[in-house]
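Undergrad:
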Amino acid sequence: MRGFGASIVSLFASHGARILVLDLLTPSAGYYTPSPDATSLTPSSATTSIYAVAADITCRDSWVSALATVKELWGAVPDVVVNNAGWTYSNKPTLDVTDADFDRVFAINVKSVFLSTDVVLPAMLEAKLDDAVFVNVSSTAAIRPRPKLVWYNASKGAVSTATKALAVEYAPHKVRFNTVSPVAGNTPLLSKFAGSAEAGDTMSPHQLAQFHASIPIGRLSEGSDIANACLFLADAASNFITGIDIPVDGGRCV
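Residues -19 to -1, 1 to 235, numbered by mature numbering (1 follows the signal peptide of the UniProt record, and there is no 0), are exactly what the sequence shown covers, in order.
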């Protein structure tokens, strides 16, 4: 696991959370520990609070298996779900987007949220938890959409809208739904956002400077920025907050 996900896992673990990580690239199921800079996870020979499995979050069976794994490991149902997985096709003219591009961006960005809700929420409701939480990672693309990423923008808009509707529907059951919307950050997807398919998803120094200039605070987002927002929304300190979005964007959407 890399990018925002590793930072989220590292911060949650440092606050005492027991975490099951679902990641398609997990080399083997087992216990993991964060790297010193919290940007990746490495296998651990000792029992830790982080357990990772290889999983396809666009597949229902992966979520069913994940729920069973949490029950087996810790004898409980999850009280927090963070949907952080995301993908985009390369920045390119909209009429060049293929069926495969469209299907994949909606499967990873939207269907994964649907499946996590459809599988995990019933277990939360049955357990009658005092405060259960879904934190869905959306994007500033849902607020200020960019050209040449139309269907990525739309997928994140779907996440934001669905999250608000879920918040209203399940607030009486003490299940909260909120979103965090990062501006582009130092992740493996950055070059897809700001580069171009024609250039092999590479970014020129000029393109990178333009991206920085579009953010009033003057830098890209970091994993720690996103992790801190997710932790706040997952914590009991925010138990009266549901249906909101926190743009973590350095002022980009003002």
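Using N, Cα and C, we set each Cβ at its ideal position, and we do this for glycine too.
Thinking just about the alpha-carbon of each residue, which of Asn220, Pro197, Ala19 and Lys155 is nearest to the one in Val164?
TA: It is Pro197 whose Cα lies nearest to the Cα of Val164.
Undergrad: Taking only the alpha-carbon atoms, compute the straight-line gap between Glu203 and Asn167 and give it to the nearest angstrom.
TA: Going by the C-alpha atoms only, they are around 6 Å apart.
Undergrad: Taking DSSP as the reference, what is the three-state secondary structure of Asp77?
TA: Reduced to three states, the DSSP call for Asp77 is helix.
Undergrad: Using the beta-carbon count (16 or more within 10 Å), is Ser(-10) buried or exposed?
TA: Looking at its Cβ environment, which holds 16 or more other Cβ atoms inside 10 Å, Ser(-10) is buried.
Undergrad: Quick check on DSSP: helix, strand or coil for Val164?
TA: Val164: coil per DSSP, three-state reduction.
Undergrad: Among the residues of its own chain, which have a CB less than 7 Å from the CB of His154, if the five just before and after it don't count?
TA: So the qualifying residues of the chain are Leu106.
Undergrad: Near Trp132, which residues of its chain fall below 8 Å by C-beta distance, leaving aside the five closest residues on each side in sequence?
TA: For Trp132, where only same-chain residues beyond five positions count, the Cβ hits under 8 Å are Tyr70, Thr75, Val78, Asp82, Phe83, Val86 and Phe87.
Undergrad: Pro24 bridges to which residues according to DSSP?
TA: Tyr13.
Undergrad: Thr14 to Val94, Cα distance in whole Å?
TA: Approximately 26 Å, taken between the alpha carbons.
Undergrad: Please determine, among Ser43, Val229, Leu5 and Val116, the residue with the shortest C-alpha to C-alpha distance to Asp206.
TA: Closest by alpha carbon: Val229.
Undergrad: If you drop the 5 nearest sequence neighbours on each side, which residues of the same chain put their C-beta closer than 8 Å to that of Val58?
TA: Excluding sequence neighbours, Val58 sits near Leu48, Val51, Lys52, Val101, Ala104, Met105, Glu107, Ala108 and Leu110.
Undergrad: For a test of the three-state rule: what should DSSP assign to Tyr70, helix, strand or coil?
TA: Residue state, collapsed to three classes: coil.
Undergrad: Could you tell me the distance, in whole angstroms, from the CA atom of Ile38 to the CA atom of His187?
TA: Each residue's Cα considered, the two are about 36 Å apart.
Undergrad: Looking at the structure shown, is Val131 part of a helix, part of a strand, or coil, going by DSSP?
TA: Looking at Val131 - three-state DSSP - the assignment turns out to be helix.
Undergrad: Enumerate in chain order the residues of its own chain whose CB-to-CB distance from Cys211 is below 6 Å, with the five nearest sequence positions on each side excluded.
TA: Within the same chain, Cys211 has close Cβ partners Ile(-12), Val63, Val116 and Val161.
Undergrad: May I ask you to list the residues that DSSP assigns as paired with Asn65?
TA: In DSSP, Asn65 forms no bridge with anything.
Undergrad: Just tell me which of Ala122, Ile31 and Val34 has its CA closest to the CA of Asn72.
TA: Ranking Ala122, Ile31 and Val34 by Cα distance to Asn72 puts Ala122 first.
Undergrad: Cα separation between Phe221 and Tyr151?
TA: So the alpha carbons of these two residues sit roughly 13 Å apart.
Undergrad: Given this structure, state the Cα-to-Cα distance separating Leu189 from Ile227, to the nearest angstrom.
TA: Approximately 24 Å between the Cα atoms of the pair.
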